[in-house]
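Worksheet for the structure shown next.
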Amino acid sequence: MMEEEAMNPNEPLAPGAEIAAESTAEQPQNPAEAAHSRRAFLFKLAVALNGAVGALLAVPIIGYLLGPAFSKRANQSAWIHLGRVEDFPQGQIRLASFRNPATTHWDGETGDIPCWVRRISGNSFQVFAINCAHLGCPVRWFPQSRLFLCPCHGGVYYEDGSRASGPPQRGLFQYAHKVVNGNLMIYAGKMPTLAAPYAQPPLTQIQPSSATANGAKSIAVHDASGRNA
Amino acid sequence: MAAPKKRASALYNWFETRLGLGAPIMEAAEHPVPANTSSWWYVFGSAAAVILVLQVVTGILLALVYSPTAGDAWYSLQFIDHNVALGWFLRAMHGWGSDFMVAIVLIHLVQVFMFGAYKFPRELTWIVGVFLLLLTLAMAFTGQALRFDQDAYWGLGIGASILSRVPWAGGALVDLLLGGPIIAGPTLSRFFTLHVFILPGLILSLVGLHVWMVLRLGINEWPMPGRLVSKKTYMQEYHSLTKKTGIPFVPEAAWKDALFAAAIVLSIMACALWFGPFGPSGQPNPTIIQTVPKPDLPFLWIYAVLAYLPPAMETPFILIAPVVIIGAMLALPLVFGEGEKHWSRRPAAVLMVAVIAVTLGVFTHLGMYTPWSPKMNAWSSDPVPAAYLRDRTPLEREGAIVFQNKQCRNCHSIGGAGGMRGPALDDIASRMTEDQIIRQVLQGGGNMPAYGNSLTPAETTALVHFLLTLHGNRPAAVNATRKLTMHERLPLPPEQPAPAAHGGT
Ligand code: FES
Chain P
1 MMEEEAMNPN EPLAPGAEIA AESTAEQPQN PAEAAHSRRA FLFKLAVALN
51 GAVGALLAVP IIGYLLGPAF SKRANQSAWI HLGRVEDFPQ GQIRLASFRN
101 PATTHWDGET GDIPCWVRRI SGNSFQVFAI NCAHLGCPVR WFPQSRLFLC
151 PCHGGVYYED GSRASGPPQR GLFQYAHKVV NGNLMIYAGK MPTLAAPYAQ
201 PPLTQIQPSS ATANGAKSIA VHDASGRNA
Chain D
230 MAAPKKRASA LYNWFETRLG LGAPIMEAAE HPVPANTSSW WYVFGSAAAV
280 ILVLQVVTGI LLALVYSPTA GDAWYSLQFI DHNVALGWFL RAMHGWGSDF
330 MVAIVLIHLV QVFMFGAYKF PRELTWIVGV FLLLLTLAMA FTGQALRFDQ
380 DAYWGLGIGA SILSRVPWAG GALVDLLLGG PIIAGPTLSR FFTLHVFILP
430 GLILSLVGLH VWMVLRLGIN EWPMPGRLVS KKTYMQEYHS LTKKTGIPFV
480 PEAAWKDALF AAAIVLSIMA CALWFGPFGP SGQPNPTIIQ TVPKPDLPFL
530 WIYAVLAYLP PAMETPFILI APVVIIGAML ALPLVFGEGE KHWSRRPAAV
580 LMVAVIAVTL GVFTHLGMYT PWSPKMNAWS SDPVPAAYLR DRTPLEREGA
630 IVFQNKQCRN CHSIGGAGGM RGPALDDIAS RMTEDQIIRQ VLQGGGNMPA
680 YGNSLTPAET TALVHFLLTL HGNRPAAVNA TRKLTMHERL PLPPEQPAPA
730 AHGGT
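As you go down the protein sequences, you meet chains P and D in turn. Going by the working numbering, the first sequence opens with residue 1, and the numbers climb by one from there. Going by the working numbering, the second sequence opens with residue 230, and the numbers climb by one from there.
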């Protein structure tokens, strides 16, 4: 198809016409054929060039598309202040919520993440993700029967988060947590799934300074939730 | 009279000289089709095309007002419903259009399958059709996500949790689906992009291909038992058939398509008018956990399957089943491209359709009333039937209170009210002895959690005594071994004949 078009001497394509004129001057013996092979070569060259440009263009496109999976910034988890220790009565389980550390204002309400806080006693806590370990539905705590029930497929967990019955294959996901100066902090920022059950807090040497900073101004930190951790 | 007509034809000719589309379109419209394909069985494909146009139009109209950000989407739907003139009706049309689309596409698929239309030379038409079915379902799912309410939010969570089970790539796939670490702004934006740009673009181009192949290869003839498809002779046979019995598609066959399409659009309008738009349910605020998320109709069967699969089989099933199902559908015309088309000679095919249809129907039906889900409010909203408290001892009545307060009711119904996750307990004492009940309550087992840690001994005693009063009109269950050992000392309970009509609920 392309070759036929390129061979057609009446074709009104301006650049082709110029080349044709040149080549007839150089090779008078078989002008049409020479012009054709030259154009065909140039066409292949142009296609190859486009291939190269395409490959170059693909780098930012694919990088942009895969960004969420590989960018460190987007998956940033942080230490978040959840509340004062005395906000959580001993031996009880309470619903708490925090603003996700990586968030935008157009996330609206979806940036507010709930979690279940179990204060076993003193400074000993467990912080469970809201998401059922089966398929992520929000589990509900029933203090009377001391069970978490999942509304979706009937997954049930005991108060220590271990699996009691139903389709979940494991216990509830837990957030890493610590108590600093009477403040309960959790390390969060990512929806827990079976592929990424919980975010690993950074190595210890960074922790003390940021933790004391957060602990010193607990209420302010709660509002600005964790961007600075 | 003549002058305007002349002017009109001059105008037509002006465009036709430049466009040259009129003649081929006329030719395509009037191409001969075998007379017996002018049938009500052949109207579903064109109906799907008409619904597609309807969905595009209503979709564009909704996009004029919809705000595709996580913070605003839900409020903009409320705005469309309540503040935009006829906004609710357009949302309803788009939603019902989507359900009708899925239904019509499925019916079209079954018809094509039963009529053997996927055989040579229409294999590729079928394959493109399979992709169109997948794209239709993808549109239904992404559309549900755009109705950014509680169901959509937790539905996305379910989608992410399913993807997270893919080995190795799971975590990255979740991040790609959500566009970030949690379900939030970027998640909605990418579902908007899929639903509004990418999927419709793919659908429109594949529909173009699909229709082009139907025109090029001709509509599948009405199958006759014993008339086998052979790659060598089929084209010849089809051409002589259209030559012998051919009628112009427009108007002689197309009137049925047109009539059916009109009926379908009217039905969508009627449903939109009577039943109104879908949702939105509560706002997408994850801290409001008093919610029972549920997918839209086309996905209820998946929801049900996921509830019934044994936990160990779940991940393999989620990962393997879609590959097998889609692979089988794609391979079908390549493997069975020749031979018998008529359903009466393809019992396996008929049986398969029947089994699949019944299975999907049953699971969809189960998905509607979700017997596997605990009823989260049953313990506080469904009272113990008065008949179960009459003439009971204080201990047994205390047991009824324990029964309610410990949320037993969320999973077990009595008197026909309560969850269906566990068995109904109206005649539990006719099936289990006191010892068995105590053991089951304290240690759990089967699909029941253990209550040993959440019941005091006094509560357990009361609860068990209440449960022992529940044996319907049957005799209470008796431990056979105990009967043997105590035979000498205790009189046997009087052997009542069990009245069959009073068992269970
Ligand atoms: S999501 Fe909780 S049981 Fe399925």
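The beta carbon of each residue, even a glycine, is placed where N, CA and C say it ideally should be. In this text, all values refer to a predicted model and were calculated from it rather than measured experimentally.
According to DSSP, simplified to helix, strand and coil, what is residue 119 (chain P)?
strand
Report yes if the C-beta distance between residue 533 (chain D) and residue 596 (chain D) is below 8 Å; otherwise report no.
yes
Residue 142 (chain P) beta carbon less than 8 Å from that of residue 135 (chain P)
Not closer than 8 Å, so no.
Is residue 406 (chain D) near residue 430 (chain D), with beta carbons less than 8 Å apart?
no
Measuring only from the beta carbon, is residue 152 (chain P) closer than 7 Å to any heavy atom that is part of the ligand FES?
yes
Assuming contact is defined by CB atoms lying nearer than 8 Å, are residue 168 (chain P) and residue 155 (chain P) in contact in what I supplied?
yes
Between residue 246 (chain D) and chain P, is there a C-beta pair that is closer than 8 Å?
no
Output the residue ranges of the beta strand (DSSP E) runs that lie fully inside the stretch 108-186 of chain P and measure 3 residues or longer, sorted by chain position.
112-121, 124-129, 140-142, 147-149, 156-158, 163-165, 176-180
Please state if the CB of residue 489 (chain D) and the CB of residue 258 (chain D) are separated by a distance shorter than 8 Å.
no
Along chain P, which residues have their Cβ under 8 Å away from the Cβ of residue 521 (chain D)?
151, 152
Is DSSP giving residue 81 (chain P) helix, strand or coil here?
strand
Out of P:158, P:193, P:188, state which residue places its alpha-carbon closest to the alpha-carbon of residue 404 (chain D).
P:193
Any residues in the stretch 76-98 of chain P with a beta carbon nearer than 8 Å to a beta carbon of chain D? Which ones, in chain order?
Residues passing the 8 Å Cβ filter: 76, 77, 95, 97.
Contact criterion: CB-CB distance below 8 Å. Does residue 200 (chain P) meet it with respect to chain D?
no
Counting pairs of Cβ atoms below 8 Å between the stretch 380-400 of chain D and the stretch 442-456 of chain D, do you hit three or more?
no
Is the stretch 337-352 of chain D close to the stretch 575-584 of chain D, with three or more CB pairs under 8 Å?
A contact exists between the stretch 337-352 of chain D and the stretch 575-584 of chain D.
Beta-carbon proximity check, residue 112 (chain P) vs residue 94 (chain P), cutoff 8 Å
no
Taking Cβ positions only, does residue 237 (chain D) come closer than 8 Å to chain P?
Judged by the 8 Å Cβ criterion, residue 237 (chain D) is not in contact with chain P.
Which partner residues of residue 643 (chain D) appear in the DSSP bridge assignment?
According to DSSP, residue 643 (chain D) bridges with D:646.
Sorry if obvious, but does the Cβ on residue 115 (chain P) come closer than 7 Å to a heavy atom of the ligand FES?
no
Please list, in chain order, the chain P residues whose beta carbon lies closer than 8 Å to that of residue 682 (chain D).
146, 158, 159
Interfacial residues, the stretch 167-189 of chain P to chain D, with Cβ spacing under 8 Å:
167, 168, 169, 189
Taking the straight line between their C-alpha atoms, what separation do you get for residue 35 (chain P) and residue 354 (chain D)?
Pairing residue 35 (chain P) with residue 354 (chain D), the inter-Cα distance amounts to about 42 Å.
Report the neighbours of residue 704 (chain D) on chain P: residues whose CB is nearer than 7 Å to its CB, in chain order.
Simply none; closest approach about 30 Å.
What residue from P:184, P:161, P:59 has the CA that sits closest to residue 131 (chain P)'s CA?
P:161
Using a Cβ-Cβ cut-off of 8 Å, state whether residue 142 (chain P) counts as contacting chain D.
yes
Residue 281 (chain D) beta carbon less than 8 Å from that of residue 319 (chain D)
no
Whether or not the stretch 559-578 of chain D and the stretch 344-364 of chain D are in contact is what I'm after, with contact meaning three or more pairs of Cβ atoms, one per stretch, closer than 8 Å; do they touch?
yes
Going straight from the alpha carbon of residue 208 (chain P) to that of residue 80 (chain P), what length do you get?
Confidence in residue 208 (chain P) is poor, its pLDDT being 43 and thus under 50, which makes the residue's placement unreliable; the coordinate value appears in the next sentence. Whole-angstrom Cα-Cα distance: 14 Å.
Can you tell me whether residue 675 (chain D) is buried or exposed, with buried defined as 16 or more other CB within 10 angstroms of its CB?
Under the 10 Å beta carbon count, residue 675 (chain D) is surrounded by fewer than 16 other beta carbons and is classified as exposed.
Cβ-based neighbour list, residue 227 (chain D), same chain, cut-off 8 Å, excluding 5 preceding and 5 following
Beyond the ends of chain D as shown, which are 230 and 734, falls residue 227 (chain D); an answer cannot be given.
Along the chain, where does the beta strand (DSSP E) that runs through residue 476 (chain D) open and close?
475-477 is the extent of the beta strand (DSSP E) around residue 476 (chain D).
Where DSSP assigns a beta bridge to residue 261 (chain D), which residues make up the other side?
Answer by DSSP bridge pairing, in chain order: D:477.
Tell me which residues of the stretch 103-128 of chain P have at least one Cβ-Cβ distance to chain D shorter than 9 Å, keeping chain order.
103, 104, 105, 106, 107, 108, 109, 110, 111, 112, 113, 114
Segment contact flag, the stretch 612-631 of chain D with the stretch 691-698 of chain D, C-beta cutoff 8 Å, min 3 pairs:
yes
Under 8 Å by beta carbon: chain P residues contacting residue 543 (chain D):
167, 169
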